[in-house]
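**Student:** The sequence shown begins at 729 in this note's numbering and counts up by one.
Just so it is clear, CB atoms sit at the ideal spot from N, CA and C, and this is done for glycine as well.
Keep in mind it's a predicted model, so treat the numbers as computed, not measured.
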Amino acid sequence: MRHENLLAQIQMISVDKLTIRFGSVTLFNDISYVVNPKDKIALVGKNGAGKSTMLKVFAGIQPATSGSVSVPKDVTIGYLPQHMIHNDGVTVMEEAEKAFSDIFELQKEIERMTVELAERTDYESASYQQLIERLTHANERLDMMGVNNFKGEVEKTLLGLGFVRSDFTRQTSEFSGGWRMRIELAKILLKRPDVLLLDEPTNHLDIESIQWLEEFLKSSGSAVILVSHDRAFIDAVTNRTIEISLGKIYDYKVSYSKYVELRKERREQQLRAYENQQKQIQDTEDFIERFRYKATKSNQVQSRIKQLEKLDIIEVDEEDNSALHLKFPPAPHSGTITVEAQHLTKRYGDNVVLEDIDLTIKRGEKVAFVGKNGEGKSTLVKCIMEQIPYDGTLKLGHLVKIGYFAQNQASLLDENLTVFDTIDRVAVGDVRTKIRDILGAFMFGGEASDKKVKVLSGGERTRLAMIRLLLEPVNFLVLDEPTNHLDMRSKDVLKDAIKAFNGTVVVVSHDREFLDGLVDKVYEFGNHKIKEHLGGIYDFLQSKKLASLQELERKAQPQVTEAKEVKPSDNKLSYEAKKELTKKIRKAEKAVADSEAEINAIEQRIAEIETELQNPENATNTALFDEYKKKKHELEQKMYEWELLSEELETVKAQA
729 MRHENLLAQI
739 QMISVDKLTI
749 RFGSVTLFND
759 ISYVVNPKDK
769 IALVGKNGAG
779 KSTMLKVFAG
789 IQPATSGSVS
799 VPKDVTIGYL
809 PQHMIHNDGV
819 TVMEEAEKAF
829 SDIFELQKEI
839 ERMTVELAER
849 TDYESASYQQ
859 LIERLTHANE
869 RLDMMGVNNF
879 KGEVEKTLLG
889 LGFVRSDFTR
899 QTSEFSGGWR
909 MRIELAKILL
919 KRPDVLLLDE
929 PTNHLDIESI
939 QWLEEFLKSS
949 GSAVILVSHD
959 RAFIDAVTNR
969 TIEISLGKIY
979 DYKVSYSKYV
989 ELRKERREQQ
999 LRAYENQQKQ
1009 IQDTEDFIER
1019 FRYKATKSNQ
1029 VQSRIKQLEK
1039 LDIIEVDEED
1049 NSALHLKFPP
1059 APHSGTITVE
1069 AQHLTKRYGD
1079 NVVLEDIDLT
1089 IKRGEKVAFV
1099 GKNGEGKSTL
1109 VKCIMEQIPY
1119 DGTLKLGHLV
1129 KIGYFAQNQA
1139 SLLDENLTVF
1149 DTIDRVAVGD
1159 VRTKIRDILG
1169 AFMFGGEASD
1179 KKVKVLSGGE
1189 RTRLAMIRLL
1199 LEPVNFLVLD
1209 EPTNHLDMRS
1219 KDVLKDAIKA
1229 FNGTVVVVSH
1239 DREFLDGLVD
1249 KVYEFGNHKI
1259 KEHLGGIYDF
1269 LQSKKLASLQ
1279 ELERKAQPQV
1289 TEAKEVKPSD
1299 NKLSYEAKKE
1309 LTKKIRKAEK
1319 AVADSEAEIN
1329 AIEQRIAEIE
1339 TELQNPENAT
1349 NTALFDEYKK
1359 KKHELEQKMY
1369 EWELLSEELE
1379 TVKAQA
């Protein structure tokens, strides 16, 4: 539909001797490469290597210090950054349709020319004939742009990214930042640009949406340049891997998993070349030192000195992933049963999140909690941690000691300590001699270890909280989305440490690659219940596909027997309707879960104020009393909203 024949003959983007410096730091040093039509490129490298900066250069946001990046005039680019400013005052559908603003502009231009054509009477003039030609050309362009299909494309893309039809008319301001990022992603995909620049596009997607995006990108005619820490995702999408390291690039015309093998070979060659050069340097310096003061050797000495000055020093990649193996301290002894729940039910008002749950996790088991957002995974974790009340019973086993990680753990760090001191205070034994190696594995190498916690970003604090957890002697790890701010190297270190841990582990995660080979049991959350699946995460995903097909066949069968005429597409339509309803349920469940989180926060603040009011010093603190009344009123409102959302959820589920 687009100018594909032309694009097949040109380079999409050409990078020529690109150098970018920030102060005294050189991020890229004289690098060159080209992006070809339909390339699917993964940009990889350590955090801070310059991956996001490279995307900004392509998007025209970051200027080059020297060199150039050439993009042909007719090539269009779509850029999804990690963070962006979102628009308010429009619905989801209206915002997504902005992807087709060029269609709307062209329609206005056609309307204007049509009116002008009807009003003019100079039929024989050259300008009249030119107007007819322009109008004909504009209509042809409009037809090529798919004017009759764009609404269907908008709906299909929004549904694929997890929205349901009832969301289309809601204001964008009603959605969280993660969901609004999905709207921006939808707009970029709908524009069908020649080059897609995507910076961590899976950060706010669940497994189903990630798999939809994989298929979309693989079948897309666009070139894709992708930055992601989701290894399974980039391996499924990309066919070329460009590594940024020490200001240079290494271009591999292979997928990510093949690149990992080739990179290992390259590093071994790099090490051998480095060692040979170091020996050559040492031999040359020895010669210079030995004959420096002998007149008969002065020419040779000067020649060797010039050789050293001209030598291009070989650099070796800073990190050696294979050299670091971090282990949890041995798990203290505990009873055979780690945690046991019987008839556990959790309600918020009339809304049931978990109902009549029975669960037993034994010592040494490693299990994953999976399911759509809002199905109660984090709620059960909070019950285990005794952070919220519940009905039924839940007991920890004898001598069980929990190590807990959630996103809010980062806020509990002492802001006045340095990164190094934060870890030094919990490290014991031989680990204390390896603190800087451990910090380096989690991107706190060099001077970063001396930063105060209060100057760290949210992601950096999360990583620091994870390191601290790794060093505490516990026998039951409860990890709620532990990989959200970790790069691939750090995830590998954490995964290996958990695999070697001899205690019990519960992981809440949507990262398929991280869970693969780590857990031997999966608990699926849905419809207020949990279902046990033995085996790893890919065994679970495979069984889910089979279960969905069997369920579809069972539901489709009555339609076949009752209907006198069945068209070949009827089953497909039934399947599409079922998919849409499933997504609608998931969205309603997410709304309930979001309300749950808001209520939790309000209840927590009310409890804090009540504690403060018990202090005699606050007896006349009117501001505190006012806040208390305000929070109580806010809680009533939120509980009312929750009841409405709960009713909506039950209505949607009744349609299933």
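Counting contacts by CB-CB distance shorter than 9 angstroms, is Leu-974 in contact with chain C?
**Tutor:** As a matter of chain content, chain C is missing from the structure shown, which is built from one protein chain.
**Student:** Ignoring anything shorter than 4 residues, give me the alpha helix (DSSP H) runs that lie fully in the region 898 to 950, in order along the chain.
**Tutor:** Listed in chain order, the complete alpha helix (DSSP H) runs (minimum 4 residues) inside the region 898 to 950 are 905 to 918 and 935 to 947.
**Student:** Would you say Val-1234 and Val-1095 are within 9 angstroms of each other, going by their C-beta atoms?
**Tutor:** Contact flag set, yes.
**Student:** So what's Gln-1070 in DSSP terms, helix, strand or just coil?
**Tutor:** Residue state, collapsed to three classes: strand.
**Student:** Return the CA-CA distance between Tyr-987 and Glu-993, expressed in angstroms with no decimal places.
**Tutor:** C-alpha separation (whole angstroms): 10 angstroms.
**Student:** What does the alpha-carbon distance come out to for the pair Ile-759 and Leu-1363?
**Tutor:** Each residue's Cα considered, the two are about 57 angstroms apart.
**Student:** How long is the line joining the alpha carbons of Gln-1005 and Lys-1100, rounded to whole angstroms?
**Tutor:** Taking the straight line from one Cα to the other gives about 55 angstroms.
**Student:** Have a look at Leu-1243 and Asp-1220 and give me their C-alpha separation to the nearest angstrom.
**Tutor:** Their backbone Cα atoms lie some 11 angstroms apart in a straight line.
**Student:** Just to confirm the assignment: which complete alpha helix (DSSP H) runs, minimum length 4, are found wholly within the region 765 to 814?
**Tutor:** Within the region 765 to 814, the complete alpha helix (DSSP H) runs of at least 4 residues are 779 to 786.
**Student:** As an exercise, report each continuous beta strand (DSSP E) stretch of at least 3 residues that is fully enclosed by the region 1084 to 1152, in chain order.
**Tutor:** Runs found: 1094 to 1098, 1119 to 1124 and 1130 to 1133.
**Student:** Is DSSP giving Asp-744 helix, strand or coil here?
**Tutor:** Reduced to three states, the DSSP call for Asp-744 is strand.
**Student:** Just verifying my parser: in three-state terms, what is the DSSP assignment at Ser-855?
**Tutor:** Here Ser-855 sits in helix by DSSP.
**Student:** Three or more beta-carbon pairs under 8 angstroms between the region 1326 to 1339 and the region 1083 to 1091, yes or no?
**Tutor:** No contact exists between the region 1326 to 1339 and the region 1083 to 1091.
**Student:** With three or more C-beta pairs closer than 8 angstroms as the rule, is the region 876 to 896 touching the region 778 to 789?
**Tutor:** Short answer: they don't touch.
**Student:** For His-1361, does the three-state DSSP call read helix, strand or coil?
**Tutor:** Helix at His-1361.
**Student:** In this structure, does DSSP put Gly-975 in helix, strand or coil?
**Tutor:** Reduced to three states, the DSSP call for Gly-975 is coil.
**Student:** Which ranges does the alpha helix (DSSP H) cover as unbroken runs of at least 4 residues, wholly within the region 995 to 1042, from first to last along the chain?
**Tutor:** Runs found: 1026 to 1038.
**Student:** Locate the beta strand (DSSP E) running through Thr-754, then write down its first and last residues.
**Tutor:** From DSSP, the beta strand (DSSP E) with Thr-754 extends over 753 to 763.
**Student:** Could you check where the alpha helix (DSSP H) with Glu-823 kicks off and where it finishes?
**Tutor:** Glu-823 -> alpha helix (DSSP H) spans 820 to 825.
**Student:** On the criterion of 16 or more Cβ atoms from any shown chain inside 10 Å, does Arg-1240 qualify as buried, or is it exposed?
**Tutor:** Buried, because 16 or more other Cβ atoms sit within 10 Å of the Cβ of Arg-1240.
**Student:** Is DSSP giving Arg-848 helix, strand or coil here?
**Tutor:** Reduced to three states, the DSSP call for Arg-848 is coil.
**Student:** Which residues does DSSP pair with His-957 in a beta bridge?
**Tutor:** Beta-bridge pairing links His-957 to no other residue.
**Student:** Three or more C-beta pairs closer than 8 angstroms, one from the region 928 to 940 and one from the region 740 to 755: is that the case here?
**Tutor:** In short, these stretches do not touch, since the Cβ pair count stays below three.
**Student:** Just to confirm my understanding: we take Pro-1286, look at its own chain, exclude 5 residues before and 5 after, and list those with CB closer than 8 angstroms. What are they?
**Tutor:** For Pro-1286, the pLDDT reaches just 44, beneath the cut-off of 50, and the residue's location in the model is therefore unreliable, although a value from the coordinates is still provided. No residues qualify anywhere along the chain.
**Student:** Quick one: Cα of His-957 to Cα of Asn-1136, how far?
**Tutor:** Approximately 21 angstroms between the Cα atoms of the pair.
**Student:** So what's Lys-1180 in DSSP terms, helix, strand or just coil?
**Tutor:** Strand, per DSSP.
**Student:** Please classify Asp-1078: does DSSP put it in a helix, a strand, or coil?
**Tutor:** Here Asp-1078 sits in coil by DSSP.
**Student:** Among residues of its own chain, excluding the 5 on either side of Tyr-1385, which ones have a beta-carbon nearer than 8 angstroms to its beta-carbon?
**Tutor:** Within the shown structure, residues of the chain are numbered from 729 to 1384, placing residue 1385 beyond reach of any answer.
**Student:** How about the region 1133 to 1150 and the region 1170 to 1181: do they share at least three Cβ pairs that are nearer than 8 angstroms?
**Tutor:** A contact exists between the region 1133 to 1150 and the region 1170 to 1181.
**Student:** Quick check: does the Cβ of Met-782 come within less than 8 angstroms of any heavy atom belonging to the ligand GDP?
**Tutor:** The ligand GDP is not part of this structure, which contains no ligands at all.
**Student:** Taking C-beta to C-beta, are Ser-1106 and Thr-1232 nearer than 9 angstroms?
**Tutor:** Going by C-beta atoms, Ser-1106 is not nearer than 9 angstroms to Thr-1232.
**Student:** On a Cα-Cα basis, can you pick out the residue from Thr-1012, Asn-1255 and Asp-1011 that is closest to Lys-1381?
**Tutor:** Selected option, being the one with the closest Cα: Asn-1255.
**Student:** Kindly identify the DSSP beta-bridge partner or partners of Arg-968.
**Tutor:** Arg-968 pairs with Ile-769.
**Student:** Taking all protein chains shown into account, do 16 or more other C-beta atoms lie within 10 angstroms of the C-beta of Pro-929, making it buried, or fewer, making it exposed?
**Tutor:** The residue is buried, with at least 16 neighbouring Cβ atoms inside 10 Å.
**Student:** Using a 10 Å radius around the Cβ and a threshold of 16 neighbouring Cβ atoms, would you call Leu-924 buried or exposed?
**Tutor:** Result: buried.
**Student:** Our contact map puts Pro-1060 next to Lys-1129 with C-beta atoms below 8 angstroms; I'd like the distance itself, whole angstroms only.
**Tutor:** Contact flag correct, Cβ pair sits at about 6 angstroms.
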